[in-house]
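S.K.: Let me begin by handing over the structure; questions about it come next.
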Amino acid sequence: MPQHVPAPVEGAASGSAGPVPPPGTVPADGPRPRLAAARGPGALLDWLPLLLAAALWISSLPYVGFRSMGEYGLLDRLPATYYLSLLVLTAGFLAGLRRADTAPWWPALYCAGLLTALKGLPAVLYDSERYPWASKHDAVINHLLADGELRPYEGLSGNMSAYDQWPGFFTLNGGLVRAFGADSAAAYLNWAPVVLGLLTMPVLVLIYRTFSQDRRLVWSAVWIFQLANWVGQDYFAPQGLAFLLHLAVLAVVVRHFVRPGSAGRLRSRSCPDPAAAAVPPSTGTRQRAVRAVVLVPVIVAVNAVHQLTPVMLCATLLALNLTRRYRNPGLLAVAGLIMLAWDLTMGRPLFTETLGTLRDSLGELTRNTRAGYAGQLTGAGPELAGRAGVLMVLAVSVLAGAALLLRRRLAHSALPLLLASVAPVPLFAVNDYGGEMLFRVYLFALPGAAFFAAAALVPAAGGTGARRAGPAVRRLRAAALPVTLTALLAGFLPAYYGKERMYYTPPAETALVTRAIDAAPEGALILAATGSFPKALHRYDRLEHWFFAEQELPGNVEMLKDPARYLSTRLPPGTTAYVVLTRTQEIHTAGEGLLPPGGFAALTRDLAASPLFRVVERTAYGVVLRYDSP
Amino acid sequence: MSENRQPALPARQTLTRAALALSGWVTLAATALPGNTPARWVPVLLFVCFGPGLALLIPQPGPLGPGARLETAALAAPLGLSLAVIAATTLFLAESFSGTAFLVSLAAFTTLASALPGLPLSGSARGAAGRTGTSTGRG
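Heads up: the sequence lines are chains Y and E, in that order. If you read the first sequence in my numbering, its first letter stands for residue 1360, the second for the next number, and so on. If you read the second sequence in my numbering, its first letter stands for residue 414, the second for the next number, and so on.
See the structure below:
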């Protein structure tokens, strides 16, 4: 074991649950002041805020009115104690930052606490799956477990076979479901953001510590990353896992793939920013080849799990090849070949299809940057969520940009991180990925953006002293971080929970949907306004489905004129169709602007009144209609 | 020289490796418990996330560089989950998937990996052995 830390003077009497800074973190990079001074009252600041925040958070749980959400989603249903717990957490984190070098476990615990406090709420409280798309993935897992095999070439409706072609996430969870002994992934999928976040955190720290030895900067960057990660790509979905694996590959590359003789000037002590870390030791060709072999399973897994992330990974590796430090064409070739191999074997149907449509979307920058489908976000909550999101992106970008200007030397030594962040941006020019490309690019840029944003906020310790700033400027600098973190927190909540009414569906409503779909005979058609409700894709391998309002607004306006005729003329003869119209769909179509206000109610009324459609079941949550075409 | 900085007491290391070697089988045994109880899902989750990865990465060969432990801790889960993804997908492709097969394959792999020395992923690069001093001496 490396040398043991002399018994810290943390005072056993304080009853602190605080762990002794583990021996491994006594930095080997030079002498540090020992924990000489008694830390009596200071130690309180370590664990008391955490305990207090936990108590406040737990006490707020029974008062979270998630079952009675209104226009503002969860925002106005969260009690004051919840918001207070977040503020206490922020305060405790900032206090712990001052001693981040010698007591790194505290910022880590606070970051984990923030993650749980922000994203653990649905996991602990909800009695149903949050996010209809998580429910969709649950349906895929059930389908795989029922079949016991993969059928990538089957051509299921709505491009659902994509999940058989890139099945890694679903097969893994199939294994988990069976090993847990759970009925289905629905039992645990709400925990995905917390679990993925906790697993991502150390990888992020690893990447950041490669570029900065200032622990305050590192942990601030992690905190900012968590607050800025409101885009909802870390739910129970392949992209969340793929992102974690992508970051792991990036971490290994920046730490172990430094070319010999490439970072000469950066190793000199006079040049870099005081916060910059030394460049990792360079590795010879054979060592890099060995490490590349070690990375192969991870890259294969990235390909098995998701179709877009390998492209992002190759783009990142390509960008890294632009630096002298990380010029590793061999690794890029390996990653590219694995991607190509997967696209030409398992993923061939969707890959060839995408290549075909690529010509249409190539260069369509405005179309590719548009988020989501057709309409404008409507309603107080969704509009607030949208605006908060934009402001958050702007804030982080401005901060990151400021750091690039103000701390040029740090930016120079952390250039690979910068390049890795902007690498996926050109993908905008290629495809809009169903309206999702905006969020994906943002997510992949976020680790670097958070790092530079933190660099702008955390003052560089040990300046040259040549330009001593006046007291006012120093106060301003000291206030920058707390103010910004609080502002980002204030932006996160609406961005993440503002549209929550669309994401939570009461179990009774889902039961209605499940009953209707279970009753449908094989070969029947399932119709709904949108697919954004749980169990929309239940039994998707046996039934076709058509989400008829998921189109541009003019088409829907036309549909609303006479929905019964619109639908019946478009259904093939001799089909049995079940139309499932539920409250969550109404909220979604209104909130996303797919249907005009009152449109869904009119649709339901007209269809129920039509002689062509027979009402099968009607509850407070929705109506199920049946249509038999002649 | 490196002999003066052997990473761990041999007994402790052996204990860790033995524990890892058994972890998969203990997890398999835990699946005999009724479903959805913590006594069942906690070992499963911990093993699938960390077991194979840790078995591959520790013990670390040679002198440990700075941040080696962080690196091992951070990379264990992604590495392990990658292997789990590959195992599960392969089982499905071979049409022989079952919960037991999934856990058995991971447990067998973990046992084998824990018997072998760790991957040269964490720790210092041998080729830069002479530079280990400078890389740590940021001052």
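In this text, a Cβ means the ideal position worked out from N, Cα and C, and glycines have one as well.
From E/N449 to Y/A1505, what distance separates their C-alpha atoms?
M.R.: Translated into the one-based positions of the second sequence, residue 449 of chain E becomes position 36. Translated into the one-based positions of the first sequence, residue 1505 of chain Y becomes position 146. One C-alpha to the other measures close to 20 Å.
S.K.: Which ranges would you report for the alpha helix (DSSP H) in the segment 1888-1927 of chain Y if only whole runs of at least 4 residues count?
M.R.: 1912-1920
S.K.: On the DSSP bridge list, what partners appear for Y/L1940?
M.R.: As a working mapping, residue 1940 of chain Y is identified with position 581 in the first sequence. Beta-bridge pairing links Y/L1940 to Y/V1982.
S.K.: When the distance is taken between beta carbons, is Y/T1864 closer than 7 Å to Y/T1943?
M.R.: As a first step, residue 1943 of chain Y must be located in the first sequence, where it is residue number 584. As a first step, residue 1864 of chain Y must be located in the first sequence, where it is residue number 505. Yes, the Cβ-Cβ distance between Y/T1943 and Y/T1864 is below 7 Å.
S.K.: Across the segment 1513-1526 of chain Y and the segment 1456-1469 of chain Y, are there enough close Cβ pairs to call them in contact, namely three or more that are closer than 8 Å?
M.R.: no
S.K.: Anyone know if the C-beta pair for Y/L1503 and Y/G1533 falls short of 7 Å?
M.R.: In the first sequence, counting from the first residue as 1, residue 1503 of chain Y sits at position 144. In the first sequence, counting from the first residue as 1, residue 1533 of chain Y sits at position 174. Against a cut-off of 7 Å, the Cβ pair of Y/G1533 and Y/L1503 comes out as a contact.
S.K.: Would you check whether the ligand NAP has a heavy atom nearer than 6 Å to the C-beta of E/S511?
M.R.: No copy of the ligand NAP occurs in the structure displayed, which carries no ligand at all.
S.K.: Taking a contact to mean a Cβ-Cβ separation below 7 Å, would you say Y/G1952 touches Y/T1737 in this structure?
M.R.: Here residue 1952 of chain Y is taken as the residue at index 593 of the first sequence, counted from 1. Here residue 1737 of chain Y is taken as the residue at index 378 of the first sequence, counted from 1. Judged by beta-carbon spacing, Y/T1737 lies within the 7 Å limit of Y/G1952, meaning their Cβ atoms are closer than that value.
S.K.: Tell me whether the segment 485-499 of chain E and the segment 1493-1502 of chain Y touch, counting them as touching only if at least three CB pairs, one residue from each stretch, are closer than 8 Å.
M.R.: no
S.K.: Contact criterion: CB-CB distance below 7 Å. Does E/F515 meet it with respect to chain Y?
M.R.: Along the second sequence, one-based indexing puts residue 515 of chain E at 102. So, interface residue.
S.K.: Please work out which residues of its chain come closer than 6 Å, Cβ to Cβ, to Y/F1803, disregarding the five sequence neighbours upstream and downstream, and give them in chain order.
M.R.: Translated into positions along the first sequence, residue 1803 of chain Y becomes position 444. Correct list, in chain order: M1671 and P1783.
S.K.: Do Y/R1537 and Y/A1459 have their CB atoms nearer than 7 Å?
M.R.: Taking the first residue of the first sequence as position 1, residue 1537 of chain Y is located at position 178. Taking the first residue of the first sequence as position 1, residue 1459 of chain Y is located at position 100. Y/A1459 sits away from Y/R1537, with the two beta carbons spaced by 7 Å or more.
S.K.: Could you please give me the residues that DSSP links to Y/T1935 through a beta bridge?
M.R.: Residue numbering aside, residue 1935 of chain Y sits at position 576 when the first sequence is read from its first letter. Note: Y/T1935 sits in a beta bridge opposite Y/D1987.
S.K.: Taking Cβ positions only, does E/S495 come closer than 7 Å to chain Y?
M.R.: Position 82 of the second sequence, counted from the start, is the residue given in the question as residue 495 of chain E. At least one chain Y Cβ lies under 7 Å of E/S495.
S.K.: Short of 7 Å Cβ to Cβ, which residues in the segment 1518-1545 of chain Y face chain E?
M.R.: P1526, G1527, T1530, L1531, G1533, G1534, L1535, R1537, A1538, F1539, G1540 and A1541
S.K.: Out of Y/P1631, Y/L1548, Y/V1613 and Y/W1578, state which residue places its alpha-carbon closest to the alpha-carbon of Y/L1600.
M.R.: Position 241 of the first sequence, counted from the first residue, corresponds to residue 1600 of chain Y. With distances taken between Cα atoms, Y/L1600 lies closest to Y/L1548.
S.K.: Do the CB positions of Y/R1684 and Y/S1621 come within less than 7 Å of each other?
M.R.: If you number the first sequence from 1, residue 1684 of chain Y lands on position 325. If you number the first sequence from 1, residue 1621 of chain Y lands on position 262. The answer is yes: Cβ separation under 7 Å.
S.K.: Between the Cα of E/R482 and the Cα atoms of Y/V1564, Y/G1429 and Y/G1401, which residue gives the shortest distance?
M.R.: Walking along the second sequence from the start, residue 482 of chain E turns up at place 69. Measuring C-alpha to C-alpha distances from E/R482 to each of Y/V1564, Y/G1429 and Y/G1401 identifies Y/V1564 as the nearest.
S.K.: Got a sec: which bits of the segment 1656-1686 of chain Y sit with their beta carbon under 9 Å from any beta carbon on chain E, in order along the chain?
M.R.: P1656, V1657, I1658, V1659, A1660, V1661, A1663 and V1664
S.K.: Below 6 Å CB to CB, which residues in the same chain sit around Y/D1311 once its five sequence neighbours on both sides are set aside?
M.R.: Because residue 1311 of chain Y is not part of the residues shown, which for chain Y are 1360 to 1989, the question remains open.
S.K.: Buried or exposed for Y/Q1735, going by 16 or more other Cβ atoms inside 10 Å?
M.R.: Residue numbering aside, residue 1735 of chain Y sits at position 376 when the first sequence is read from its first letter. It counts as exposed.
S.K.: Enumerate in chain order the residues of its own chain whose CB-to-CB distance from Y/A1304 is below 8 Å, with the five nearest sequence positions on each side excluded.
M.R.: Examination of residue 1304 of chain Y is not possible in this model, given that chain Y is present from 1360 through 1989 alone.
S.K.: Please look up how many angstroms separate the CB atoms of Y/L1990 and Y/H1904, rounded, as I've assumed it's under 8 Å.
M.R.: With chain Y represented from 1360 up to 1989, any question about residue 1990 of chain Y goes unanswered, as that position is not in the structure.
S.K.: Quick one: which unbroken alpha helix (DSSP H) runs of 4-plus residues sit fully inside the segment 1779-1851 of chain Y? Chain order, please.
M.R.: 1796-1816
S.K.: Does any C-beta atom of chain E lie closer than 7 Å to the C-beta of Y/E1508?
M.R.: In the first sequence, residue 1508 of chain Y corresponds to position 149, counting from 1. Yes, contact with chain E.
S.K.: Ignore the nearest five residues each way along the sequence and tell me which others in E/L433's own chain have a CB closer than 7 Å to its CB.
M.R.: Translated into the one-based positions of the second sequence, residue 433 of chain E becomes position 20. Hits under 7 Å: G464, L467, A468, T523 and S527.
S.K.: Taking DSSP as the reference, what is the three-state secondary structure of E/S518?
M.R.: Locating residue 518 of chain E in the second sequence gives position 105, where the first residue counts as 1. Helix at E/S518.
S.K.: Buried or exposed: which applies to Y/V1842, given that a residue is buried once 16 or more other Cβ atoms fall within 10 Å of its Cβ?
M.R.: Numbered from 1 along the first sequence, position 483 holds the residue referred to as residue 1842 of chain Y. Under the 10 Å beta carbon count, Y/V1842 is surrounded by fewer than 16 other beta carbons and is classified as exposed.
S.K.: Buried or exposed for Y/P1392, going by 16 or more other Cβ atoms inside 10 Å?
M.R.: For the purposes of this step, residue 1392 of chain Y is taken as the residue at position 33 of the first sequence. Unreliable placement is indicated for Y/P1392, whose pLDDT of 49 sits below 50; the coordinate value is still reported in the next sentence. Under this definition Y/P1392 is an exposed residue.
S.K.: State buried or exposed for E/R453, treating a residue as buried only when at least 16 other CB atoms are found within 10 Å of its CB.
M.R.: The sequence position of residue 453 of chain E within the second sequence is 40, counting from 1. It counts as buried.
S.K.: How would you write the range of the alpha helix (DSSP H) that Y/L1962 sits in, first residue to last?
M.R.: Reading the first sequence from its first residue, position 603 is the one you call residue 1962 of chain Y. Start and end: G1958 to A1968.
S.K.: Closer than 8 Å by C-beta to Y/S1418: which residues in its own chain qualify, once you throw out the five before and the five after it? Chain order, please.
M.R.: The residue given as residue 1418 of chain Y occupies position 59 in the first sequence. Within the same chain, Y/S1418 has close Cβ partners T1440.
S.K.: Nearest-angstrom Cα distance between Y/G1933 and Y/T1530?
M.R.: Taking the first sequence and counting its residues from 1, the one referred to as residue 1933 of chain Y is at position 574. Taking the first sequence and counting its residues from 1, the one referred to as residue 1530 of chain Y is at position 171. Distance between the alpha carbons of Y/G1933 and Y/T1530: 36 Å.
S.K.: Got a sec, what are the start and stop residues for the alpha helix (DSSP H) E/Q426 sits in?
M.R.: Within the second sequence, numbered from 1, the residue matching residue 426 of chain E stands at position 13. Taken as a continuous stretch (DSSP letters only), the alpha helix (DSSP H) holding E/Q426 covers P423 to A443.
S.K.: With a cut-off of 8 Å on the beta carbons, I'd call Y/N1588 and Y/S1543 a contact; round off their distance for me.
M.R.: Counted from its first residue, the first sequence places residue 1588 of chain Y at position 229. Counted from its first residue, the first sequence places residue 1543 of chain Y at position 184. With a Cβ gap of about 27 Å, Y/N1588 and Y/S1543 do not count as contacting.
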